[in-house]
Ligand SMILES: Cc1cc2nc3c(=O)[nH]c(=O)nc-3n(C[C@H](O)[C@H](O)[C@H](O)COP(=O)(O)O)c2cc1C
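Residue numbers (my numbering): 1 to 162.
Below, the structure is given as structure tokens:
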């Protein structure tokens with residue numbers, strides 16, 4: 001059986017994480033951007049990792065719509081969840097993670113992680129730049145957490161061996 005990593009991204013952070021996870025997992029792993037490609041049938045997979053990024057407190061609609069439409073099927077799989085999020089307040093960050101997925105799937109998931117964030121001012125539109133500047137964020141940065149990404153991959157691999 002195979003692993004599907006299905007992700008939503010605007011500027012590439014969640015995609016980068018998907019590809020990093022794919023290199024750390026064993027077996028047949030397929031990475032799919034829900035923004036670009038139609039997800040394959042879930043029947044092909046025993047493991048599904050869902051990842052997205054947070055804008056104005058919420059995960060991409062394309063991902064949440066897909067998850068809501070497939071929640072019963074996803075509950076039959078080994079599931080991992082991750083988000084990219086720049087929020088620094090731990091409580092707000094945890095809430096963003098919890099609120100990104102249906103409660104049943106969140107509770108079912110083997111691992112759920114906030115894996116850090118990136119800011120790409122060169123790619124953002126003016127409104128986005130202004131929004132970030134108002135929060136005191138003025139520069140591009142990459143703050144994805146290798147530790148959290150490794151932990152996600154490790155948890156998915158370990159539970160397969162049990
Ligand atoms: C306009 C804008 C709004 C954002 N709003 C939030 C937010 O409400 N909460 C949060 O945790 N991160 C927020 N972020 C940070 C993003 O989640 C972060 O940049 C992430 O790495 C983007 O991932 P992507 O490149 O996969 O789209 C925001 C970023 C931008 C540019």
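Backbone N, C-alpha and C fix where the C-beta goes; we use that ideal spot for every residue, glycine too. Everything numeric in this text was worked out from a predicted model, so none of it was measured.
Proximity of residue i and residue j at Cβ, strictly below 8 angstroms
i, j, result
"residue 65", "residue 102", "no"
"residue 121", "residue 77", "no"
"residue 25", "residue 156", "yes"
"residue 21", "residue 149", "yes"
"residue 2", "residue 37", "no"
"residue 10", "residue 53", "yes"
"residue 75", "residue 48", "no"
"residue 32", "residue 40", "yes"
"residue 100", "residue 59", "yes"
"residue 130", "residue 119", "no"
Residue i versus the options, residue with shortest Cα-Cα distance
i, options, result
"residue 96", "108, 82, 147", "82"
"residue 107", "23, 79, 90, 140", "79"
"residue 72", "132, 109, 36", "109"
"residue 139", "153, 152, 123, 151", "123"
"residue 158", "127, 118, 111, 87", "111"
"residue 141", "59, 117, 14", "117"
"residue 135", "4, 86, 60, 15", "86"
Ligand 1 heavy atom lying under 7 angstroms from the CB of residue i
i, result
"residue 153", "no"
"residue 56", "yes"
"residue 85", "yes"
"residue 66", "no"
"residue 11", "yes"
"residue 244", "Outside the shown range of the chain, which is 1 to 162, sits residue 244, and nothing can be said about it."
"residue 132", "yes"
"residue 119", "yes"
Residues near residue i in its chain [Cβ-Cβ closer than 8 angstroms; skip 5 each side]
i, result
"residue 17", "7, 51, 82, 84, 115, 144, 149"
"residue 70", "42"
Per DSSP, cross-strand counterpart(s) of residue i
i, result
"residue 116", "144"
"residue 33", "7"
"residue 78", "47"
"residue 53", "84"
"residue 59", "54"
Same chain, Cβ closer than 7 angstroms to residue i, neighbours up to 5 away in sequence not counted
i, result
"residue 146", "none"
"residue 57", "96"
"residue 213", "Past the boundaries of the shown model lies residue 213; the chain is included only from 1 to 162, so the question cannot be answered."
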